[in-house]
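The structure appears right after this line, and notes come after that.
In this note's numbering, the protein residues as written are 232 to 429.
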């Protein structure tokens, strides 16, 4: 890629958009797209959001090549559209065993027993940049991070949950809608202040 051209393109767009996505194609072409921050981001970060567990008998919401940022976001996008139809802001993707993997746009974090929990990359999640940085930062702060599958049993034992990505940073999830049930978590749990220090 022409790094100078990329830098100039990004500098000209950053005055218009706070979020830039740079895509490098195998043939050497580059694409820079800009977009605004979510309109309700400050409210979401403070009060939390509602998420819907994307379990559907008619559609399987699995990320294509989860360990790579391929640009193919159709399945998570469809899951998020269904979540919004249910009155939620995010969808939680699950595996064939009902384990929670990630949200349609970010990685999951939970707090229990004085430590952070996040699903492992091996479960089939996108290894988010923010997730990697948080794991490293929390470890440097002498906080334990457990990377384990989020089984229905574990999910029921978590005191607080949130999702993260490089755009929204940390957003608590205060309510989770499932097919036959609903879970409520504390969006004001004091541990979120620790994550926000990052």
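Beta carbons: idealized from backbone N, C-alpha and C, even for Gly.
On a predicted model such as this, the values are computed, not experimentally measured, just so you know.
- Two segments are said to touch when three or more pairs of C-beta atoms, one from each, lie closer than 8 Å; by this definition the region 246 to 257 does not touch the region 376 to 383.
- Distance from the Cα of residue 357 is smallest, within the candidate group 372, 339 and 345, for 339.
- The C-beta separation of residue 420 from residue 342 comes to about 6 Å, placing the pair in contact by the 8 Å criterion.
- Sixteen is the threshold: since fewer than 16 other Cβ atoms of the shown chains lie within 10 Å of the Cβ of residue 305, the residue is exposed.
- Under the 8 Å Cβ criterion, the region 401 to 408 counts as touching the region 265 to 284, having at least three qualifying pairs.
- Distance from the CA atom of residue 244 to the CA atom of residue 265, rounded to whole angstroms, is 7 Å.
- Of the other Cβ atoms in all chains shown, fewer than 16 fall within 10 Å of the Cβ of residue 234; this residue is therefore exposed.
- Considering only 236, 250, 320 and 286, the residue with the shortest C-alpha distance to residue 271 is 320.
- Contact check for residue 310 and residue 332: beta-carbon distance about 11 Å, past the 8 Å limit, so the pair fails to qualify.
- DSSP places residue 387 within a helical segment (H, G or I) once states are collapsed to three.
- Rounded to the nearest whole angstrom, the CA to CA distance from residue 336 to residue 314 is 12 Å.
- A straight-line Cα-Cα distance of about 31 Å links residue 345 and residue 269.
- Annotation for residue 255: the continuous beta strand (DSSP E) segment containing it runs 250 to 255.
- Between the beta-carbon of residue 408 and that of residue 284 there is about 7 Å, and that keeps the pair under the 8 Å contact cut.
- Going by beta carbons, residue 250 and residue 398 fall inside the 9 Å limit.
- The three-state secondary structure of residue 420, taken from DSSP, is coil.
- Rounded to the nearest angstrom, the gap between the Cα atoms of residue 317 and residue 413 is 12 Å.
- Judged by DSSP in its simplified three-state form, residue 240 adopts helix.
- By alpha-carbon distance to residue 286, the top candidate from 322, 392 and 422 is 322.
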